[in-house]
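Numbering (our numbering), first residue to last: 1 to 187.
For glycine and all other residues, C-beta sits at the position ideal for the given N, C-alpha and C.
In this text the structure is predicted, and so the values were computed from the model without any measurement.
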Amino acid sequence: NMAAAITATMLALGYPLSWKKTCMGPATIWLGFLCDATYGTITLAHPKLTLAINILDKIISNVPCTLREVQHMAGVLNWATMAYPVLRPFLTHLYIWVTVAENQNRPTQPDRRVRLLARAIRYLILQPPRRHTDFFERTHTMGGSDASASKPPSTDPPVIGGWWSSAEHPMKGEVAWFREEIPATEH
């Protein structure tokens with residue numbers, strides 16, 4: 001068994017091992033994620049899955065939340081989406097809610113986009129796990145994206161933008177650029 005050989009070598013070389021944290025088998029819970037080497041999947045383990053579902057249900061129910069609650073929800077969902085990388089860019093709407101909550105002196109409700117996002121995430125994380133490679137086809141494309149937001153008194157609106165190209169070494173003219181301002185009326 002390769003795992004046993006690696007472990008024996010590490011012990012012989014003096015690497016410290018915590019046996020209470022060591023697990024050998026096809027599936028392991030690590031940092032709240034269930035990593036299944038047999039199928040090549042990563043999902044949320046049950047205690048963390050329950051936490052994420054409860055947070056998503058609270059967002060879907062449109063309950064007003066304090067700044068601290070909104071920040072906690074954003075942090076947990078940011079962490080949880082590490083197992084679902086295709087969802088990470090959509091958390092922008094959640095971060096906008098954090099900014100709105102920071103500017104209010106009272107609990108705030110999630111807007112329609114945040115509630116729709118919560119429904120989509122909830123649906124997806126309850127589906128049977130898929131290998132990460134199932135989400136991405138091999139292509140020769142490159143791209144990047146970013147988002148920005150300024151705190152008051154700045155009047156600059158939040159912005160999301162980026163670029164994409166199918167060229168192997170793209171020049172400026174071979175790149176598709178996008179930039180989208182998010183008006184205050186929409187967050």
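Query raised in the report: If you compare alpha carbons, which of V86, R179, R68, A120 is closest to G162?
Result: R179
Query raised in the report: Which residues in the same chain as P170 place their Cβ atom closer than 7 Å to its Cβ, once the five residues preceding and following it in sequence are excluded?
Result: Correct list, in chain order: M142.
Query raised in the report: Which full runs of the beta strand (DSSP E) of 3+ residues lie inside the region 16 to 77, going along the chain?
Result: 27 to 30, 33 to 36, 41 to 44
Requested in this report: Quick one: give me the first and last residue of the beta strand (DSSP E) that A147 is part of.
Outcome: Counting along the chain, the unbroken beta strand (DSSP E) around A147 starts and ends at 142 to 148.
Query raised in the report: Where does T81 sit, in a helix, a strand or coil, going by DSSP?
Result: helix
Query raised in the report: Once you ignore the five residues that flank A74 on each side, which residues in its own chain have a CB closer than 7 Å to its CB?
Result: L94, Y95, V98
Query raised in the report: Among all the DSSP beta bridges, which residues are the ones paired with A176?
Result: W164
Requested in this report: Using only alpha-carbon positions, find the residue among P47, Q104, A27 that is nearest to V70.
Outcome: Q104
**Report entry** Beta-carbon spacing of R68, N78 below 9 Å
**Finding:** No, the Cβ-Cβ distance between R68 and N78 is not below 9 Å.
Requested in this report: Tell me whether the beta-carbon of V76 lies closer than 9 Å to the beta-carbon of Q109.
Outcome: no
Query raised in the report: Is it buried or exposed for A120, if we count other Cβ within 10 angstroms and need 16 for buried?
Result: Flag for A120 reads exposed.
Query raised in the report: Measuring CA to CA, which of K58, V114, I53, T41 is closest to P85?
Result: T41
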